[in-house]
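Visitor: The numbers in our numbering rise by one with no breaks, and the one at position 190 of the sequence shown is 456.
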Amino acid sequence: MKSIGFLGVGHYVPETIVKNDDFVARGLDTSDEWIVSRTGIRERRVAAENEATSDLAVKAAEAALKNAGVSPSEIDLIVLATSTPDHLAFPSTAAIVQHRLGVPMVPAFDVSAACSGFNYALTVAHQFCLSGAAKKVLVIAADCLSKIVNWDDRSTCILFGDGAGAVVLGEVAPGFGLLSSDLHANGAEATSLIIPDGGTRQPITPEIIAARTNKIAMNGKAVFKLAVSVVGPSIELALKSAGLTIDDLDLLIPHQANYRIVEAARERLGIRENQVFMNLDKYGNTSAASIPIALSEAVSTGVLKPGMILALTGFGAGFTWGTNIVKWGVGK
Ligand code: UT7
């Protein structure tokens, strides 16, 4: 079997920084102390009014292509994970990005799996590469949660941020790259984290806009418990299917939602604090983008080194969750 791995990584976050105290200044009943102690978030990036998900995605993809030394003309598939497409339903954000990057008229499609979107997109792209249907794939995860959050709901608006991360997948030396994946969904928990209205179940009306039920609604406690219960087992399952154990794991890059969720998983797995890469304090929860943004920073800061065994673990609305195990490096 061919080995498929990461030829390059990149990310982009919008310029505007919203600090915890900015919410207080806007009159929201919260505090920096509450947000930091309950979540670990200190600030997040917010897209400009005229900036959409594809704008972030294009910049992250350009950075990943440059990092890989791969030109847009070599890409033969784009898989883009997002829950915040430029346009409701169609066209796909992937198609918009394909045109703007100057990638040839190859297949390009969106994947919807909320905060697990990068794991889902990566796994789909991996399968295309393994089957020979694609050779070099651009996998992008981009989200603009600021556009779908209710800025007056203190239980959600302080959590989320905007950003994009991207990777170029292709053939690497034997034994390197993606080793296994573990993906799950449990629709019984669909309402725990949901945009209740504005879709085909309940199309938009003036009443919905007034009630803001077309914005994120979350049962924070339920999501917290679900996340804590699935992250550890998913990592263990993915390691097992790669023929590895927790002792082989060098670095975990988890979805950056809440440091307390990650701490609970870390303790369960019995791994050290310095084996977990976190940048949640700077960006908040950027949904599908959080893992590739962290991956890009782990590479650029030298934390992630060739030969390391890496776990990428996502969880979020659906409820969806999953892990990809990677032997980092191209092995050249
Ligand atoms: O990508 C996956 C997406 N989501 C997540 O991973 C989120 C998972 N859940 C969480 O991270 C946590 O549940 C939260 C951070 C959202 C909330 O933390 P918590 O410790 O579960 O707090 P809580 O919801 O039980 O609320 C405790 C109190 C409540 O007040 P009362 O009822 O005790 O008087 C809330 O109204 O804190 C209040 N509260 C706040 N206070 C100040 C809720 N949000 C805020 C806030 N500032 N921003």
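Built from N, CA and C at the ideal position, the CB exists for glycine as well.
With DSSP as the reference, label Lys332 as helix, strand or coil.
Guide: As a first step, residue 332 is located in the sequence shown; it is residue number 66 there, counting from the start. Looking at Lys332 - three-state DSSP - the assignment turns out to be helix.
Visitor: Run through DSSP, which three-state label would Ala432 get?
Guide: Reading the sequence shown from its first residue, position 166 is the one you call residue 432. Reduced to three states, the DSSP call for Ala432 is strand.
Visitor: Glu309 lies in the beta strand (DSSP E); which residues open and close that run?
Guide: For the purposes of this step, residue 309 is identified with residue 43 of the sequence shown, where counting begins at 1. Note, Glu309: beta strand (DSSP E), 309-312.
Visitor: Consult DSSP for Phe426 and reduce its assignment to one of helix, strand or coil.
Guide: Your numbering for residue 426 matches position 160 in the sequence shown. It is a strand residue.
Visitor: Please determine, among Val363, Asn385, Cys381, the residue with the shortest C-alpha to C-alpha distance to Phe375.
Guide: As a position in the sequence shown, residue 375 is number 109, starting the count at 1. It is Val363 whose Cα lies nearest to the Cα of Phe375.
Visitor: Run through DSSP, which three-state label would Val415 get?
Guide: Looking up residue 415 in the sequence shown gives position 149. Looking at Val415 - three-state DSSP - the assignment turns out to be coil, as it is neither helix nor strand.
Visitor: With DSSP run on the structure shown, which of helix, strand or coil describes Leu273?
Guide: Position 7 of the sequence shown, counted from the first residue, corresponds to residue 273. Three-state result, Leu273: strand.
Visitor: Taking the Cβ atom as the reference point for each residue, do Leu435 and His392 lie within a distance shorter than 8 Å?
Guide: Position 169 of the sequence shown, counted from the first residue, corresponds to residue 435. Position 126 of the sequence shown, counted from the first residue, corresponds to residue 392. Contact flag set, yes.
Visitor: Compare the C-beta of Thr511 with all C-beta atoms of chain B and state if any pair is closer than 8 Å.
Guide: Absent from the structure is chain B; it holds one protein chain and no more.
Visitor: Using three-state DSSP, classify Val279 as helix, strand or coil.
Guide: The residue labelled residue 279 in the question sits at position 13 within the sequence shown. In the structure shown, Val279 sits in coil (DSSP, three-state: anything other than H, G, I, E or B).
Visitor: Return the CA-CA distance between Ala361 and Gly431, expressed in angstroms with no decimal places.
Guide: Here the question's residue 361 lines up with position 95 in the sequence shown. Here the question's residue 431 lines up with position 165 in the sequence shown. Going from the Cα of Ala361 to the Cα of Gly431 covers about 17 Å.
Visitor: Mind checking whether the beta-carbon of Arg308 lies closer than 7 Å to any heavy atom of the ligand UT7?
Guide: Indexing the sequence shown from 1 puts residue 308 at position 42. Checking every heavy atom of the ligand UT7 against the Cβ of Arg308, none is found closer than 7 Å.
Visitor: So the candidates are Ile341, Trp587, Asp288, Thr296; which of them puts its Cα closest to the Cα of Phe490?
Guide: Translated into positions along the sequence shown, residue 490 becomes position 224. Checking every option, the nearest Cα to that of Phe490 belongs to Trp587.
Visitor: Going along the chain, which residues of its own chain have a beta-carbon closer than 6 Å to the beta-carbon of Ser358, five neighbours each way excluded?
Guide: Counting from 1 along the sequence shown, the entry for residue 358 is found at position 92. The answer, listed in chain order, is Phe375, Asp376.
Visitor: Is it buried or exposed for Gln522, if we count other Cβ within 10 angstroms and need 16 for buried?
Guide: Taking the first residue of the sequence shown as position 1, residue 522 is located at position 256. Buried is the call here.
Visitor: Under 7 Å: does the beta carbon of Asn489 sit that close to some heavy atom of the ligand UT7?
Guide: By 1-based counting over the sequence shown, the position of residue 489 is 223. The sequence as given places Val at residue 489; Asn does not occur at that position. It does: the Cβ of Val489 is within 7 Å (strictly closer) of some heavy atom of the ligand UT7.
Visitor: Between Glu455, Lys332, Ser447, Ala326, which has its C-alpha nearest Ala408's C-alpha?
Guide: Mapped onto the sequence shown, residue 408 falls at position 142. Ranking Glu455, Lys332, Ser447, Ala326 by Cα distance to Ala408 puts Ala326 first.
Visitor: Compare the beta carbon distance of Lys268 and Ile341 with 8 Å and say whether it is the shorter of the two.
Guide: By one-based count along the sequence shown, residue 268 stands at place 2. By one-based count along the sequence shown, residue 341 stands at place 75. No; because the gap between Cβ atoms is not below 8 Å, this pair is not in contact.
Visitor: Is Leu449 close to the ligand UT7? I mean its beta-carbon at under 7 Å from any heavy atom of the ligand.
Guide: In the sequence shown, the residue the question calls residue 449 occupies position 183. No, the ligand UT7 has no heavy atom inside 7 Å of this Cβ.
Visitor: Relative to the C-alpha of Arg534, which candidate in Ala347, Val494, Pro338 has its C-alpha closest?
Guide: Taking the first residue of the sequence shown as 1, we reach residue 534 at position 268. Cα-wise, what sits closest to Arg534 is Val494.
Visitor: Lys487 and Ile461 - do their beta-carbons sit closer together than 8 Å?
Guide: Translated into positions along the sequence shown, residue 461 becomes position 195. Translated into positions along the sequence shown, residue 487 becomes position 221. Not a contact, by the Cβ cut-off of 8 Å.
Visitor: Shortest alpha-carbon distance to Gly465 belongs to which of Val528, Met544, Thr579, Ser349?
Guide: What you label residue 465 is simply residue 199 of the sequence shown in a count that begins at 1. Of the candidates Val528, Met544, Thr579, Ser349, the one whose C-alpha sits nearest the C-alpha of Gly465 is Ser349.
Visitor: Looking only at DSSP bridge pairs, what is Ala451 linked to?
Guide: As a position in the sequence shown, residue 451 is number 185, starting the count at 1. Under DSSP, Ala451 forms a beta bridge with Thr586.
Visitor: Considering Phe384, what are the terminal residues of the alpha helix (DSSP H) in which it resides?
Guide: As a working note, residue 384 is residue 118 in the sequence shown. Segment 383-397, the alpha helix (DSSP H) holding Phe384.
Visitor: Can you find a heavy atom of the ligand UT7 that lies under 7 Å from the Cβ of Asn452?
Guide: The sequence position of residue 452 within the sequence shown is 186, counting from 1. No - the ligand UT7 has no heavy atom lying nearer than 7 Å to the Cβ of Asn452.
Visitor: Leaving aside the five residues before and after Asp419 along the sequence, list all residues of the same chain whose C-beta is less than 6 Å from its C-beta, in chain order.
Guide: Numbered from 1 along the sequence shown, position 153 holds the residue referred to as residue 419. Answer for Asp419: no residue qualifies.
Visitor: Which residues in the same chain have their Cβ closer than 6 Å to the Cβ of Ser446, if we skip the five residues on either side of it in sequence?
Guide: Mapped onto the sequence shown, residue 446 falls at position 180. Cβ neighbours of Ser446 beyond the five flanking positions: Ala504, Ser507, Ala508, Ile591.
Visitor: So, for Asn452: in the same chain, excluding its five sequence neighbours on each side, which residues have a beta-carbon less than 6 Å away from its beta-carbon?
Guide: Looking up residue 452 in the sequence shown gives position 186. Cβ neighbours of Asn452 beyond the five flanking positions: Phe585.
Visitor: Rounded C-beta distance between Ile283 and Asp547? I'm assuming under 8 Å.
Guide: One-based indexing of the sequence shown puts residue 283 at position 17. One-based indexing of the sequence shown puts residue 547 at position 281. The Cβ separation is near 12 Å, so there is no contact.
Visitor: Let me make sure I understand the geometry here. Which of Gly441, Leu425, Leu343 has the alpha-carbon closest to that of Pro370?
Guide: On the sequence shown, position 104 is the one that residue 370 refers to. The shortest Cα separation from Pro370 among Gly441, Leu425, Leu343 belongs to Leu343.
Visitor: So, helix, strand or coil for Phe289, using DSSP?
Guide: Position 23 of the sequence shown holds residue 289. DSSP places Phe289 in helix when its eight states are reduced to three.
Visitor: Let me make sure I understand the geometry here. Which of Asn551, Ile557, Ser500 has the alpha-carbon closest to that of His531?
Guide: The sequence position of residue 531 within the sequence shown is 265, counting from 1. Per the sequence shown, residue 531 should be read as Ala rather than His. Ala531 has its Cα closest to that of Ser500, out of Asn551, Ile557, Ser500.
Visitor: The alpha helix (DSSP H) spanning Ala355 covers which residue range?
Guide: For the purposes of this step, residue 355 is taken as the residue at position 89 of the sequence shown. Taken as a continuous stretch (DSSP letters only), Ala355 belongs to no alpha helix (DSSP H), as it is neither H nor E.
Visitor: Is any non-hydrogen atom of the ligand UT7 found closer than 7 Å to the C-beta of Cys410, if you look at the structure I gave you?
Guide: Working through the sequence shown from its first residue, we reach residue 410 at position 144. No - the ligand UT7 has no heavy atom lying nearer than 7 Å to the Cβ of Cys410.
Visitor: Considering only residues of the same chain and omitting the five flanking positions on each side of Ile301, which have a CB-CB separation below 7 Å?
Guide: For the purposes of this step, residue 301 is identified with residue 35 of the sequence shown, where counting begins at 1. Excluding residues within five positions, the ones whose Cβ falls inside 7 Å are Asn286, Ile307, Ile424.
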